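Asker:
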Amino acid sequence: MHADSISPELERAITRFNSAVQAASRRHGLDESEIDEVIQEVRIRLWRAVKDGEKIQGLPASYVYRTAFSAAVDLLRRRRAKREEPLDLVEGKPASLEQTSPEYETEQSELGQHIAKAVDALSEARRPVVRMYLAGYERGEIADLLGWTEAKTRNLLYRGLADLRETLSTRGVRPEMI
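Residue 2 is where the sequence shown starts when you use my numbering, and the numbers rise one by one after that.
1) Could you check which residue in Y64, G59, I45 has the C-alpha nearest to that of E139?
2) Please list the segments of the beta strand (DSSP E) lying wholly inside the stretch 28-69, counting only runs of 3 or more residues, in order along the chain.
3) When we look at the beta-carbon of R46 and count the other beta-carbons within 10 Å, is it buried (16 or more) or exposed?
4) Grab me the residues of G148's own chain with a C-beta within less than 8 angstroms of its C-beta, minus the 5 sequence neighbours each way, in chain order.
5) With DSSP run on the structure shown, which of helix, strand or coil describes A126?
6) Compute the Euclidean distance between the alpha carbons of S26 and V51, then round it to the nearest angstrom.
7) Helix, strand or coil: which one does DSSP assign to E111?
8) Are three or more beta carbon pairs between the stretch 68-75 and the stretch 5-25 nearer than 8 angstroms?
9) Spatial neighbours of E33 within its chain, please: CB distance less than 6 angstroms, with the 5 preceding and 5 following residues excluded, ordered by chain position.
10) Who are the near neighbours of T180 in its chain, counting only those whose CB is closer than 8 angstroms to its CB and skipping five residues on each side?
11) Which of the three DSSP states is assigned to R80 in this structure?
12) Just checking A62 against the ligand PLP - is the residue's beta carbon closer than 7 angstroms to any of the ligand's heavy atoms?
13) Which same chain residues, not among the five before or five after P61, have their C-beta less than 8 angstroms away from its C-beta?
14) Would the beta-carbon of E42 fall within 8 angstroms of that of A72?
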């Protein structure tokens with residue numbers, strides 16, 4: 002399905018669940034500009050995960066709320082990672098340094114790109130199940146949202162995760178790197 006053909010359904014879902022997205026954002030103390038950022042992130046995540054107008058229309062509020070909650074937490078994590086913490090000085094020396102190095106951040110970014118590319122390489126049937134699982138949804142929720150049986154969801158998820166591990170392994174990404 003072409004991206005433009007799901008846009009109206011996606012916008013209707015965002016409008017319908019706007020209060021849930023705002024509630025999830027406010028729960029984390031986000032201001033209006035940050036709430037707008039969360040709404041945009043929810044829009045992107047729904048589009049990537051579902052990619053079908055009819056399925057987007059049938060999304061339950063709990064799915065969108067959980068997506069918004071996750072987007073708000075990710076926003077806070079990014080903000081915290083960028084923020085410079087003031088150092089407590091004890092006898093003229095810093096008490097602790099809880100900073101990540103630029104090298105570590107670059108490695109994590111590259112790792113995320115490897116994983117995203119590997120997920121994109123999965124078969125079309127397995128891709129949405131694995132994406133939703135990696136986003137934190139449980140197997141039962143995925144089955145409900147996609148309208149599949151639990152057995153179909155379980156099989157596609159397990160096979161998709163096995164394919165993902167194999168693809169990452171052939172690309173040199175090992176479990177201890179994650």
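Just so you know, even glycine gets a beta-carbon here, dropped at the ideal spot from N, CA and C. For clarity, every value in this text was computed on a predicted model and none was experimentally measured.
Answerer: On the basis of the data shown:
1) The sequence position of residue 139 within the sequence shown is 138, counting from 1. Closest by alpha carbon: Y64.
2) none
3) Position 45 of the sequence shown holds residue 46. By the neighbour-count rule (16 or more Cβ atoms within 10 Å), R46 is buried.
4) On the sequence shown, position 147 is the one that residue 148 refers to. Within the same chain, G148 has close Cβ partners K56, G59.
5) Taking the sequence shown and counting its residues from 1, the one referred to as residue 126 is at position 125. DSSP places A126 in coil when its eight states are reduced to three.
6) Sequence index remark: in the sequence shown, residue 26 carries index 25 (1-based). Sequence index remark: in the sequence shown, residue 51 carries index 50 (1-based). S26 and V51: Cα-Cα distance of roughly 22 angstroms.
7) Counting from one through the sequence shown, the residue named residue 111 turns up at place 110. Helix, per DSSP.
8) yes
9) Locating residue 33 in the sequence shown gives position 32, where the first residue counts as 1. Closer than 6 angstroms at the Cβ level, and outside the excluded window around E33, lies no residue.
10) Given a span of 2 to 179 for the chain in the structure shown, any question on residue 180 remains unanswerable.
11) Within the sequence shown, numbered from 1, the residue matching residue 80 stands at position 79. Helix.
12) What this structure holds is no ligand at all, so the ligand PLP is not there to describe.
13) Translated into the one-based positions of the sequence shown, residue 61 becomes position 60. Excluding residues within five positions, the ones whose Cβ falls inside 8 angstroms are D145, L146.
14) Translated into the one-based positions of the sequence shown, residue 42 becomes position 41. Translated into the one-based positions of the sequence shown, residue 72 becomes position 71. Against a cut-off of 8 angstroms, the Cβ pair of A72 and E42 comes out as a contact.
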